[in-house]
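Sequence order for the protein chains is A and B.
Per the numbering used here, the very first residue in the first sequence carries number 49; after that it's consecutive.
Per the numbering used here, the very first residue in the second sequence carries number 249; after that it's consecutive.
Yeah, the Cβ is synthetic: ideal placement off N, Cα and C, and Gly gets one too.
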Amino acid sequence: MSPPTALLSPLPMADGSAQYTDGPTTLLASINGPIEVKPRDEIPLEAYLEITIRPSAGVTSVREKHLEALLRSAISPLIMRTVYPRTLLQITLQIIQHEQASAACTLHTLLASAIVVVVLALVDAGVPMKGMLAAAFVEEADGSAAHVFGYTVTGGGRDPSEGLVFVESDGAFDEKGFVEASEIGRKRCLEVGELMKNWVREKVGKDMRYRLK
Amino acid sequence: MSLVVQVHFPGETLPPLEDEKKKATFKVGPGLTHILPSTLIVNRAGELNIDQRKHTIWMESNGKRYVASQNDAIIATVLRSTSDSYICAIPSSNSPVSSTSQAVLPHLAFSQATKKTRPMLHQGSVVYARISLANKHIDPELECYDADSGKAEGFGELKGGFIFGVSLGMARRLLGDAKKTGSLRLRQRKAEAERRGEKYQDAGVDVSSGREVLEELGESLSFELAVGRNGRVWVHSGDPKTTLCVMRCIQQSEFLTGKEQRQLVKEALKALGQ
Chain A
49 MSPPTALLSP LPMADGSAQY TDGPTTLLAS INGPIEVKPR DEIPLEAYLE
99 ITIRPSAGVT SVREKHLEAL LRSAISPLIM RTVYPRTLLQ ITLQIIQHEQ
149 ASAACTLHTL LASAIVVVVL ALVDAGVPMK GMLAAAFVEE ADGSAAHVFG
199 YTVTGGGRDP SEGLVFVESD GAFDEKGFVE ASEIGRKRCL EVGELMKNWV
249 REKVGKDMRY RLK
Chain B
249 MSLVVQVHFP GETLPPLEDE KKKATFKVGP GLTHILPSTL IVNRAGELNI
299 DQRKHTIWME SNGKRYVASQ NDAIIATVLR STSDSYICAI PSSNSPVSST
349 SQAVLPHLAF SQATKKTRPM LHQGSVVYAR ISLANKHIDP ELECYDADSG
399 KAEGFGELKG GFIFGVSLGM ARRLLGDAKK TGSLRLRQRK AEAERRGEKY
449 QDAGVDVSSG REVLEELGES LSFELAVGRN GRVWVHSGDP KTTLCVMRCI
499 QQSEFLTGKE QRQLVKEALK ALGQ
């Protein structure tokens, strides 16, 4: 399988955006904020986080709403929301392409890619963050269970192995299987993390290109 | 010729500051979180800048959404007038006026304004103003005069002309920030080379100011220009063709090197028939 690819700032009108392709999955995330918030959603000392996921076809269903909730639990601890109180931070994720390998794992493969693309878009937008999160999808050998692991690639503990901050599992598994899967997940996360850093470096390099003669 | 930018990522803890004179207090700028007593954590991906002379430290990165910060000169749009002040919108690089943060510009915050003689601004008027108060909990306040002299010094209503957006990094470059930080980095690299006992070799980096496009345009065309730190540029010239040429050149030179910018302007001027 070819390594994942990403593009930062593909959308000129959004404050920050990223497109990410991993195998059959292509996602596009955009960030707008801090912007004016509806009085109903206003939080006195924090920014309000609005996450919207749009499916590739049809209208938003329970599946997208569930994914939004999972994504929120992974992303919101990363963002320093007190920096912009009484504002709105809008995160929109468009599923461009997603192949349904098996119905059970669809959500999990999507979740791992969604976390990566949203973190990239947040970094692109310059939203104040406590760290960068990388996520990976791991399926157990017999296909009985699927996991998504999220490790912090920067801003975690001193040792990268300390950085497990997000787990979402589905299916039947025991402790041994989980530990094995988490080890694979950690390796994949660190790989994805390095790629993410490179994409950001590329983007900053492009922004600073004017310094050349 | 290659550009090496050392990028720091959110969450990275910076090594303790090397202070030449000790005791000096550093001012912590955007992109960094200060945790007492002296830990600095990066919260925005970008390049770290340290000015040992002015004792400042900040993260340099490009962006599109402007957040008000004190003493920034910005281009704002008047929304409406109240009994003692104008309510203005501070647009960012790409945003329409309606979705942006609001600011207060008192009627008396103009040079030589009194209760009887004050500039009449209407809805949609554009002003070049300085942010006199910025706090995350309250709306920012604006002033249209120089804080030191009390004179207008270019602040005030921008009459006529044309407005367009550029990225925040580009706006700062047009205002000459890149020239300052560029010479800062050059000095640092020279000091490092000296410390290693080598002779400094010019690699062709940081010699360009990032606003060659303006220098080149200014030589052949006559126009007025105002750049706001909120990523808005105002151009005024007698001829719409000239105005549009200036806009196109500035917008297209975002990712170009100094030489390429000059080339772009030359071609644009040729097309304009100058």
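Nearest-angstrom Cα separation, counted from residue j out to residue i
i	j	result
L353 of chain B	S333 of chain B	5 Å
M249 of chain B	D454 of chain B	For M249 of chain B, the predicted structure reports a pLDDT of 48, less than 50, and the residue's modelled location is therefore unreliable. A value from the coordinates is still provided. Straight-line Cα distance between these residues: approximately 12 Å.
F274 of chain B	S380 of chain B	22 Å
E446 of chain B	K438 of chain B	9 Å
S65 of chain A	G413 of chain B	18 Å
L97 of chain A	L327 of chain B	27 Å
V461 of chain B	Y376 of chain B	22 Å
R378 of chain B	R420 of chain B	15 Å
T157 of chain A	A474 of chain B	49 Å
M244 of chain A	A316 of chain B	30 Å
S230 of chain A	D218 of chain A	14 Å
V374 of chain B	N342 of chain B	17 Å
E242 of chain A	V107 of chain A	35 Å
R459 of chain B	G424 of chain B	8 Å
R313 of chain B	L434 of chain B	29 Å
E389 of chain B	G174 of chain A	24 Å
R257 of chain A	I386 of chain B	37 Å
L171 of chain A	E502 of chain B	Leu is not the amino acid found at residue 171 of chain A; the sequence shown has Val there. V171 of chain A and E502 of chain B: Cα-Cα distance of roughly 20 Å.
A220 of chain A	V196 of chain A	14 Å
I323 of chain B	Y199 of chain A	42 Å
L517 of chain B	L119 of chain A	50 Å
Endpoints, beta strand (DSSP E) assigned at residue i
i	result
I139 of chain A	136 to 145
C336 of chain B	333 to 338
A377 of chain B	374 to 383
S73 of chain A	According to the sequence displayed, residue 73 of chain A carries Thr and not Ser. Start and end: 73 to 83.
V196 of chain A	193 to 202
V483 of chain B	480 to 484
M418 of chain B	Segment 416 to 422 is the alpha helix (DSSP H) holding M418 of chain B; no beta strand (DSSP E) there.
E216 of chain A	212 to 219
R102 of chain A	96 to 102
G404 of chain B	404 to 406
E401 of chain B	Unbroken run through E401 of chain B: none, as it is neither H nor E.
A474 of chain B	472 to 476
Beta-ladder partner(s) of residue i, from DSSP
i	result
A54 of chain A	A:Y68
K275 of chain B	B:T304
P354 of chain B	B:S333
I289 of chain B	B:T261, B:T281
D299 of chain B	B:T304
F412 of chain B	B:V481
F185 of chain A	A:V196
M128 of chain A	Its beta-bridge partners do not exist; DSSP assigns none.
S370 of chain B	Checking the displayed sequence, the identity of residue 370 of chain B turns out to be His instead of Ser. Looking at the DSSP assignment, H370 of chain B forms no beta bridge with any residue, so it has no partner.
C392 of chain B	B:F358
Interface residues of chain A facing residue i [CB-CB closer than 7 Å]
i	result
V253 of chain B	V252, G253, M256
G277 of chain B	Residues of chain A passing the Cβ test: none, with the nearest at roughly 13 Å.
7 Å Cβ cut-off: residues of chain B touching residue i
i	result
P133 of chain A	K384, H385
Neighbouring residues, chain B, relative to residue i (Cβ below 8 Å)
i	result
K113 of chain A	Correct list: empty, because the minimum Cβ distance to chain B is about 25 Å.
P51 of chain A	Within chain B, no residue comes near P51 of chain A; the closest Cβ sits about 20 Å away, beyond 8 Å.
P60 of chain A	N342
Chain A contact residues for residue i, given Cβ-Cβ distances below 9 Å
i	result
T505 of chain B	R257, Y258, R259, L260, K261
G259 of chain B	L126, M177, K178, G179, M180, T200, V201, T202, G203, G204
A516 of chain B	Residues of chain A passing the Cβ test: none, with the nearest at roughly 18 Å.
Neighbour list for residue i in chain A, Cβ cutoff strictly below 8 Å
i	result
N297 of chain B	Residues of chain A passing the Cβ test: none, with the nearest at roughly 12 Å.
E266 of chain B	Simply none; closest approach about 22 Å.
First through last residue of the alpha helix (DSSP H) which encompasses residue i
i	result
V238 of chain A	According to the sequence as given, residue 238 of chain A is Leu; it is not Val. Taken as a continuous stretch (DSSP letters only), the alpha helix (DSSP H) holding L238 of chain A covers 223 to 255.
G466 of chain B	460 to 468
L512 of chain B	506 to 520
L432 of chain B	425 to 443
P488 of chain B	488 to 500
L168 of chain A	154 to 173
Under 9 Å from the C-beta of residue i: neighbouring residues of chain B
i	result
D39 of chain A	This structure leaves residue 39 of chain A out entirely; chain A is present only between 49 and 261.
P72 of chain A	Result: empty, since nearest Cβ-Cβ is about 29 Å, beyond 9 Å.
Heavy atom of the ligand GDP within 7 Å of residue i beta-carbon
i	result
F257 of chain B	For the ligand GDP, the structure offers nothing, since it holds no ligand at all.
With 9 Å as the limit, tell me which residues of the region 446 to 466 of chain B have their beta carbon closer than that to any beta carbon of chain A; keep them in chain order. Taking 9 Å as the Cβ-Cβ cut-off against chain A, the residues of the region 446 to 466 of chain B that qualify are G452, V453, D454, V455, S456, S457, G458, R459, E460.
Can you list, in chain order, the residues of the region 149 to 177 of chain A whose Cβ is nearer than 9 Å to any Cβ on chain B? Against chain B - using a Cβ distance shorter than 9 Å - the residues of the region 149 to 177 of chain A are L170, V171, D172, A173, G174, V175, P176, M177.
Looking at chain A, which residues of the region 423 to 446 of chain B have a Cβ within less than 8 Å of any of its Cβ atoms? Within the region 423 to 446 of chain B, the residues whose Cβ lies closer than 8 Å to any Cβ of chain A are, in chain order, A426, G430.
Tell me which residues of the region 240 to 251 of chain A have at least one Cβ-Cβ distance to chain B shorter than 7 Å, keeping chain order. Per Cβ criterion, the list reads K245, V248, R249.
Members of the region 180 to 204 of chain A near chain B, C-beta cut-off 9 Å: Residues M180, T200, V201, T202, G203, G204.
Going along the chain, which residues of the region 375 to 408 of chain B sit with their C-beta nearer than 8 Å to a C-beta in chain A? For the region 375 to 408 of chain B, residues whose beta-carbon sits nearer than 8 Å to a beta-carbon of chain A comprise K384, H385.
Going along the region 349 to 366 of chain B in order, which residues come within less than 9 Å of chain A, judged by CB to CB distance? Result list: S349, Q350.
Taking any Cβ of chain A, which residues in the region 299 to 310 of chain B have a Cβ under 7 Å from it, in chain order? Going along the region 299 to 310 of chain B in chain order, one finds S309, N310 with a Cβ nearer than 7 Å to chain A.
Between the region 78 to 97 of chain A and chain B, which residues of the former have a C-beta closer than 8 Å to a C-beta of the latter? The region 78 to 97 of chain A vs chain B, Cβ under 8 Å: N80, G81, P82, I83, E84.
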